[in-house]
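S.K.:
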Amino acid sequence: MIFGLLVLHIAVCLLLAYAGRRLGRGSLLVGAVPPALSALWGAARLGASPPATADLTWVRGLDLAMTFRVDAFAAVMTLIVSGIGVLIFVYAFGYFGPGTAHTGRFATTLLAFSTSMLGLVWADSVWTLFVFWELTSVTSFLLVGHKSTDTEVLAAARRALMVTAGGGLVLLAGLLLVTGAADTTLISELAPVDGTAATVGAVLVMIAAATKSAQVPFHPWLPGAMVAPTPVSAYLHAATMVKAGVVLVAVAGPALSGISAWKGCGLAFGVASIVWGGLGALRHRDAKLILAWGTVSQLGMLITLFSVGTPAAVLAAVSLLVAHALFKGALFLIVGEIDVRAGTRHIDELGGLARSMPVAFAAAVLAGLSMAGAPPLLGFVAKETAIKAALELTGPEAWVVGLGVIGGSVLTVAYTFRFLVAVFGPGPETPLSPRRHALSVPPAVLAVGGIAAFAVLGWVDAVLEPAAVRLSGGAEVEHLHRWPGLEPALAISAVVLVIGAIVGLALGGRPGQAPADHAGRWTDASIDGIVAFGRATVARVQHGSLPVYLVTMAAVATLAATPFLADISLDHLVGWHTPLQGVLAAAAVGAAVALCWVDTRLGAGLALGAAGITVAAVFVIHGAPDLALTQLLVEAAIVVGFVLAFGHLSRSFPMTGLRWRAVRITVAGLGGVAVVIGLGAASGNPVGAPPVAELAAASVGEGGGSNIVNVILTDIRGLDTLGEVLVLATVALGVQALARATVGTESSAS
Amino acid sequence: MNTALLLAIGGLTAVGLYLLTSRSLSRIVLGYSLLGHATVVALITAGGRAGWPPIAGRAAPEDMSNPLPQALTLTAIVISFGLTLFLLALARRQRTLSGDDLVEDDLEDRRIAAVESAPTEPEDSVAT
Numbered sequence: 001m002i003f004g005l006l007v008l009h010i011a012v013c014l015l016l017a018y019a020g021r022r023l024g025r026g027s028l029l030v031g032a033v034p035p036a037l038s039a040l041w042g043a044a045r046l047g048a049s050p051p052a053t054a055d056l057t058w059v060r061g062l063d064l065a066m067t068f069r070v071d072a073f074a075a076v077m078t079l080i081v082s083g084i085g086v087l088i089f090v091y092a093f094g095y096f097g098p099g100t101a102h103t104g105r106f107a108t109t110l111l112a113f114s115t116s117m118l119g120l121v122w123a124d125s126v127w128t129l130f131v132f133w134e135l136t137s138v139t140s141f142l143l144v145g146h147k148s149t150d151t152e153v154l155a156a157a158r159r160a161l162m163v164t165a166g167g168g169l170v171l172l173a174g175l176l177l178v179t180g181a182a183d184t185t186l187i188s189e190l191a192p193v194d195g196t197a198a199t200v201g202a203v204l205v206m207i208a209a210a211t212k213s214a215q216v217p218f219h220p221w222l223p224g225a226m227v228a229p230t231p232v233s234a235y236l237h238a239a240t241m242v243k244a245g246v247v248l249v250a251v252a253g254p255a256l257s258g259i260s261a262w263k264g265c266g267l268a269f270g271v272a273s274i275v276w277g278g279l280g281a282l283r284h285r286d287a288k289l290i291l292a293w294g295t296v297s298q299l300g301m302l303i304t305l306f307s308v309g310t311p312a313a314v315l316a317a318v319s320l321l322v323a324h325a326l327f328k329g330a331l332f333l334i335v336g337e338i339d340v341r342a343g344t345r346h347i348d349e350l351g352g353l354a355r356s357m358p359v360a361f362a363a364a365v366l367a368g369l370s371m372a373g374a375p376p377l378l379g380f381v382a383k384e385t386a387i388k389a390a391l392e393l394t395g396p397e398a399w400v401v402g403l404g405v406i407g408g409s410v411l412t413v414a415y416t417f418r419f420l421v422a423v424f425g426p427g428p429e430t431p432l433s434p435r436r437h438a439l440s441v442p443p444a445v446l447a448v449g450g451i452a453a454f455a456v457l458g459w460v461d462a463v464l465e466p467a468a469v470r471l472s473g474g475a476e477v478e479h480l481h482r483w484p485g486l487e488p489a490l491a492i493s494a495v496v497l498v499i500g501a502i503v504g505l506a507l508g509g510r511p512g513q514a515p516a517d518h519a520g521r522w523t524d525a526s527i528d529g530i531v532a533f534g535r536a537t538v539a540r541v542q543h544g545s546l547p548v549y550l551v552t553m554a555a556v557a558t559l560a561a562t563p564f565l566a567d568i569s570l571d572h573l574v575g576w577h578t579p580l581q582g583v584l585a586a587a588a589v590g591a592a593v594a595l596c597w598v599d600t601r602l603g604a605g606l607a608l609g610a611a612g613i614t615v616a617a618v619f620v621i622h623g624a625p626d627l628a629l630t631q632l633l634v635e636a637a638i639v640v641g642f643v644l645a646f647g648h649l650s651r652s653f654p655m656t657g658l659r660w661r662a663v664r665i666t667v668a669g670l671g672g673v674a675v676v677i678g679l680g681a682a683s684g685n686p687v688g689a690p691p692v693a694e695l696a697a698a699s700v701g702e703g704g705g706s707n708i709v710n711v712i713l714t715d716i717r718g719l720d721t722l723g724e725v726l727v728l729a730t731v732a733l734g735v736q737a738l739a740r741a742t743v744g745t746e747s748s749a750s
Numbered sequence: 001m002n003t004a005l006l007l008a009i010g011g012l013t014a015v016g017l018y019l020l021t022s023r024s025l026s027r028i029v030l031g032y033s034l035l036g037h038a039t040v041v042a043l044i045t046a047g048g049r050a051g052w053p054p055i056a057g058r059a060a061p062e063d064m065s066n067p068l069p070q071a072l073t074l075t076a077i078v079i080s081f082g083l084t085l086f087l088l089a090l091a092r093r094q095r096t097l098s099g100d101d102l103v104e105d106d107l108e109d110r111r112i113a114a115v116e117s118a119p120t121e122p123e124d125s126v127a128t
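In the order they appear, the protein sequences are chains A and B. Following the working numbering, the numbering of the first sequence begins with 1 at its first residue and continues without gaps. Following the working numbering, the numbering of the second sequence begins with 1 at its first residue and continues without gaps.
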């Protein structure tokens, strides 16, 4: 079923890539079909055990396999990814008016993203996870840069790609270290690890998660990515892709939470993002940016809770994950509808929308209250559980997490109220274009989801509890409560709501300036630096001189041989088997050196012949008459060919600079030494006597010939020899074609 | 392993590499040929000691040289012969077209290097 769904996604993707132009806007509806099916499948698997698995082994010995495992948590994520995916496709159908260009391309990329995200949440092998992780980065880049003619859009897309793909590299390094320490590549089999390598790996994995989930200081790509079409912002940058980092922290948590650096890093990223994101959301004046900064803050909350890793914190994180996908998705879609119908999303230019857009207003209030954590909504349950989990901690951790969660909650309530007042509050009525149902229904569905989940909290708990059990390593997990009782957590919640509401309402109508995007400029400046460094490197190493390329390659290969120096064993080296070999060796090298000194082409050709004949003599001494014969024939042909090809040229070779020649001599000499080292090291490891007797018997008995070498060539590996003949025939054709073309050019020129 | 032949292999490789990094196509062909020699000698040297020709019935199997690397070497000689001839044909054509046998710089690479090191608006100039 898992592979079936993936193949269906890919097939529809290909279909849209092929027919997207003809289908136009309709391709968005076609694209909604595969997510709809996988959402149904995910819903059927909610809370189910045992998990569904599928794998496809590629290279058995290397542990290279596509491995998927859909457990209770992955089923919840499937429902989020595909369920919201369907709504996004429908919404995009309304968002792009009839006749909008490139909707086919948009649908294809959006479905490709949806597929990658599904693969990511289903992956069990860390390498499968890594591949899909990178695919989400790439498809996100394409979706952010959908309006590819705008330079601001291109800069934002580049920023998103560089930060998330750079994080992907960090992830690869971290996974190598962690899987090396844990001795498995399956996430489901990861046992708690420790040690230096595992610690470094865990920190790298956490950094990768922070880049993907836009944690401070990697956050500037997320507000920047708000130049994307709203369906993309709602889907990728609120509900799914930015959750990839959170998902990674969640699934790696049981194995890595014992490492204190993992927890420390996670809390630092998380709490910093809660505070900085919340402040950003209070200061910006573009409704979409307010939501984006709020997402940074909420993601910080999720990273914090998953890093804490106690069963209560994990349960809170899982319920917040679901609640956030519902309310933030809804709010983004509402802002998109306002953007389309009012032509602006700047809060200073919006007014009176509560009356003119009643459905959107109702949905925004529902979603906003869920975000603020007010009853009776899913966000309230999540926030109560989070505060309770923070109160259960002890030591310094309790202070950091407690202040982070409670302070973050105040900020969240404040920016929610400010958002609602500023966008829908009083003011001169903004003129609107007519209503489109495809735009108003999806956010309403998501917003109602928050209250519906509260109403059927027993069922939600039955679904989320197994997921939390899975993510806290099988520990006992408490249940979600609709009404927590008169506890400290409830009192704190009430105070948070009151303070936050006062701050938010006070800030709501105030005029002001959006803060300057310093962090974004720094990010872009560092990316510019990386790109400039890349350009300078390319200009230096890709200079176009073929001899320098060759010298570089030879030098690198020589360096690679140095480790074998230690493996040379003098016991296996003999001077020579007959003294004549020494003489011939000296003669061969002598002929070769002479070949460099001779400065006419004819003389060089003759010296080459001399070297070849010496090699033939080496074969004779070695006991290889067939080789000697072949070598003599070949050498004669090459010398003749050489004279034919170069005989007419000016007689002496061109001079080259002394310094360059010194470099060439050095590298060439070292290259020769490297070959000697490699061969000498290889001879120190003999594998036994050659099977001459067996080959002799086989050659007479089966091959019907007494010359063993000939029987090997024509019988034992006759097919190879046939291939060799084909190579020679091809060469002959090529040589003939080149020679003929030459003649033709000459005759036409004369 | 036979040290004399080992040193010969090293010497042939060194001279071959030196010639291969030259700008003159005729010297590149010479260098390529010498590298081919070094390789075939390396193959039979790695195959074991010298001995009688491996012809069944003429000598006892334990006195024979190893036939397997010889078969591989024969293939190597023939293939490098084919490639050398092809190189020679290319060189001859180059001579006809340019009147010389010098390897020019890769113009495409040079253009990229020039563009990449230019400080202003690189994206646009790459696109054009």
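Backbone N, C-alpha and C define an ideal beta-carbon position, used for all residues, glycine too. None of the values given here were measured: they were computed from a predicted structure.
Using a Cβ-Cβ distance under 8 Å, would Gln-298/A count as near chain B?
M.R.: Position 298 of the first sequence, counted from the first residue, corresponds to residue 298/A. By this cut-off, Gln-298/A is not an interface position.
S.K.: Can you tell me whether Trp-58/A is helix, strand or coil according to DSSP?
M.R.: Here residue 58/A refers to the residue found at position 58 of the first sequence. Strand at Trp-58/A.
S.K.: Can you give the Cα-Cα distance for Arg-285/A and Glu-152/A, rounded to whole angstroms?
M.R.: Residue 285/A sits at position 285 when you count from the first residue of the first sequence. Residue 152/A sits at position 152 when you count from the first residue of the first sequence. Roughly 19 Å between the two C-alpha positions.
S.K.: Taking all protein chains shown into account, decide if Asn-2/B is buried (16 or more other Cβ within 10 angstroms of its Cβ) or exposed.
M.R.: Working through the second sequence from its first residue, we reach residue 2/B at position 2. Buried, since its Cβ has 16 or more Cβ neighbours within 10 Å.
S.K.: Does the beta carbon of Thr-578/A come closer than 8 Å to any beta carbon on chain B?
M.R.: Here residue 578/A refers to the residue found at position 578 when the first sequence is read from its first residue. For Thr-578/A, the answer is yes, since a Cβ of chain B falls inside 8 Å of its Cβ.
S.K.: Under three-state DSSP, which class holds Ser-82/A?
M.R.: Taking the first residue of the first sequence as 1, we reach residue 82/A at position 82. Residue state, collapsed to three classes: helix.
S.K.: Is there a C-beta anywhere in chain B that falls below 8 Å from the one on Cys-13/A?
M.R.: Translated into positions along the first sequence, residue 13/A becomes position 13. Chain B, which has no Cβ nearer than 8 Å to the Cβ of Cys-13/A, makes this no.
S.K.: Given a threshold of 16 other Cβ atoms within 10 Å of its Cβ, counted over all protein chains shown, does Ser-65/B qualify as buried or as exposed?
M.R.: Within the second sequence, residue 65/B is the residue found at index 65, counting from 1. It counts as buried.
S.K.: Could you say if the region 304–314 of chain A and the region 270–290 of chain A meet the contact criterion of at least three C-beta pairs nearer than 8 Å?
M.R.: With the cut-off at 8 Å, the region 304–314 of chain A and the region 270–290 of chain A touch.
S.K.: Using beta carbons (cut-off 8 Å, strictly below), is Ser-98/B in contact with chain A?
M.R.: Taking the second sequence and counting its residues from 1, one reaches residue 98/B at position 98. No, no contact with chain A.
S.K.: Let me make sure I understand the geometry here. Which of Ala-624/A, Gly-623/A, Thr-552/A and His-572/A has the alpha-carbon closest to that of Leu-670/A?
M.R.: The residue given as residue 670/A occupies position 670 in the first sequence. Closest by alpha carbon: Thr-552/A.
S.K.: Is the region 476–492 of chain A touching the region 374–387 of chain A, taking contact as three or more C-beta pairs under 8 Å?
M.R.: A contact exists between the region 476–492 of chain A and the region 374–387 of chain A.
S.K.: Identify every run of the alpha helix (DSSP H) within the region 148–199 of chain A, keeping only runs that are complete inside it and at least 4 residues long; order them along the chain.
M.R.: Those alpha helix (DSSP H) runs which fall completely within the region 148–199 of chain A and span 4+ residues are 151–182.
S.K.: Do Val-401/A and Thr-304/A count as a contact pair if the criterion is CB distance below 8 Å?
M.R.: Working through the first sequence from its first residue, we reach residue 304/A at position 304. Working through the first sequence from its first residue, we reach residue 401/A at position 401. In contact: Thr-304/A and Val-401/A (Cβ atoms closer than 8 Å).
S.K.: Determine the closest residue to Gly-657/A out of Leu-6/B, Ala-71/B, Ser-22/B and Gly-11/B, with distance taken between C-alpha atoms.
M.R.: Here residue 657/A refers to the residue found at position 657 when the first sequence is read from its first residue. Closest option to Gly-657/A, Cα to Cα, is Ser-22/B.
S.K.: Comparing C-alpha positions only, which one of Ala-313/A, Trp-221/A and Pro-229/A sits nearest to Trp-293/A?
M.R.: As a first step, residue 293/A must be located in the first sequence, where it is residue number 293. Residue Trp-221/A is the option with its Cα nearest to Trp-293/A.
S.K.: Would you list, in chain order, the members of the region 618–646 of chain A that have their beta-carbon closer than 8 Å to a beta-carbon of chain B?
M.R.: Under the 8 Å Cβ criterion, the region 618–646 of chain A contributes Val-618, Phe-619, Ile-621, His-622, Gly-623, Ala-624, Pro-625, Asp-626, Leu-627, Thr-630, Gln-631, Val-634, Ala-637, Ile-638, Gly-641, Phe-642, Leu-644, Ala-645 and Phe-646.
S.K.: Compare the C-alpha of Gly-83/A against each of Val-12/A, Ala-234/A and Leu-23/A and name the closest.
M.R.: If you number the first sequence from 1, residue 83/A lands on position 83. Among Val-12/A, Ala-234/A and Leu-23/A, the Cα nearest to that of Gly-83/A is on Ala-234/A.
S.K.: Start and end of the beta strand (DSSP E) containing Phe-96/A?
M.R.: What you label residue 96/A is simply residue 96 of the first sequence in a count that begins at 1. Phe-96/A -> no beta strand (DSSP E), and no H or E assigned at all.
S.K.: Exposed or buried, which one is Ser-213/A when buried takes at least 16 other CB atoms within 10 Å?
M.R.: Locating residue 213/A in the first sequence gives position 213, where the first residue counts as 1. Per the 10 Å Cβ criterion, buried.
S.K.: Using a Cβ-Cβ distance cut-off of 8 Å, determine whether Asp-124/B contacts chain A.
M.R.: Position 124 of the second sequence holds residue 124/B. A caution first: Asp-124/B carries a pLDDT of 41, below 50, which makes its placement in the model unreliable, though a value can still be read off. So, not an interface residue.
S.K.: Take the Cβ of Ser-433/A as the centre, count every other Cβ of all protein chains shown within 10 Å, and call the residue buried at 16 or more, exposed below.
M.R.: The residue you call residue 433/A lines up with position 433 of the first sequence. Exposed, because fewer than 16 other Cβ atoms sit within 10 Å of the Cβ of Ser-433/A.
S.K.: So which residues on chain E does Tyr-32/B lean against when the C-beta distance must stay under 9 Å?
M.R.: The displayed structure is made up of protein chains A and B, and chain E is not among them.
S.K.: Using the beta-carbon of each residue, which ones in chain B are nearer than 7 Å to Gly-582/A?
M.R.: Taking the first residue of the first sequence as 1, we reach residue 582/A at position 582. Within 7 Å Cβ-Cβ: Ala-4.
S.K.: DSSP has Phe-68/A in a bridge; who is on the other side?
M.R.: As a first step, residue 68/A must be located in the first sequence, where it is residue number 68. DSSP lists Ala-54/A and Ala-123/A as partners of Phe-68/A.
S.K.: Can you pull the chain B residues whose beta carbon is under 9 Å from the beta carbon of Ser-699/A, in chain order?
M.R.: Along the first sequence, one-based indexing puts residue 699/A at 699. Ordered by position in chain B, the residues that pass the 9 Å Cβ test against Ser-699/A are Pro-54, Ala-56 and Pro-67.
S.K.: On the three-pair Cβ rule with 8 Å, is the region 585–602 of chain A touching the region 731–740 of chain A?
M.R.: Flag = no, the region 585–602 of chain A and the region 731–740 of chain A do not touch.
S.K.: Excluding the five sequence neighbours on either side, which residues of its own chain have a C-beta within less than 6 Å of the C-beta of Pro-51/A, listed in chain order?
M.R.: Translated into positions along the first sequence, residue 51/A becomes position 51. Closer than 6 Å at the Cβ level, and outside the excluded window around Pro-51/A, lie Arg-69, Val-70 and Asp-71.
S.K.: Do Leu-5/A and Ser-38/A have their CB atoms nearer than 8 Å?
M.R.: Reading the first sequence from its first residue, position 5 is the one you call residue 5/A. Reading the first sequence from its first residue, position 38 is the one you call residue 38/A. Cβ distance < 8 Å, so Leu-5/A and Ser-38/A count as in contact.
S.K.: Whether or not the region 411–427 of chain A and the region 501–517 of chain A are in contact is what I'm after, with contact meaning three or more pairs of Cβ atoms, one per stretch, closer than 8 Å; do they touch?
M.R.: Short answer: they touch.
S.K.: If you check the beta carbons only, do Arg-762/A and Asp-517/A fall under 8 Å apart?
M.R.: This structure cannot speak to residue 762/A, because chain A is shown only from 1 to 750.
S.K.: DSSP state of Gly-603/A, grouped into three classes?
M.R.: Residue 603/A sits at position 603 when you count from the first residue of the first sequence. The answer is helix: DSSP assigns Gly-603/A an H, G or I state.
S.K.: Could you give the DSSP three-state label for Leu-102/B: helix, strand or coil?
M.R.: Sequence index remark: in the second sequence, residue 102/B carries index 102 (1-based). Three-state result, Leu-102/B: strand.
S.K.: Given a cut-off of 8 Å, decide if Val-163/A and Phe-86/B are closer than it, judged by their beta-carbon atoms.
M.R.: Looking up residue 86/B in the second sequence gives position 86. Looking up residue 163/A in the first sequence gives position 163. No; because the gap between Cβ atoms is not below 8 Å, this pair is not in contact.
S.K.: With a threshold of 8 Å between beta carbons, is Pro-690/A in contact with chain B?
M.R.: The count along the first sequence starts at 1 and reaches residue 690/A at position 690. Closer than 8 Å to some Cβ of chain B, the Cβ of Pro-690/A qualifies, so yes.
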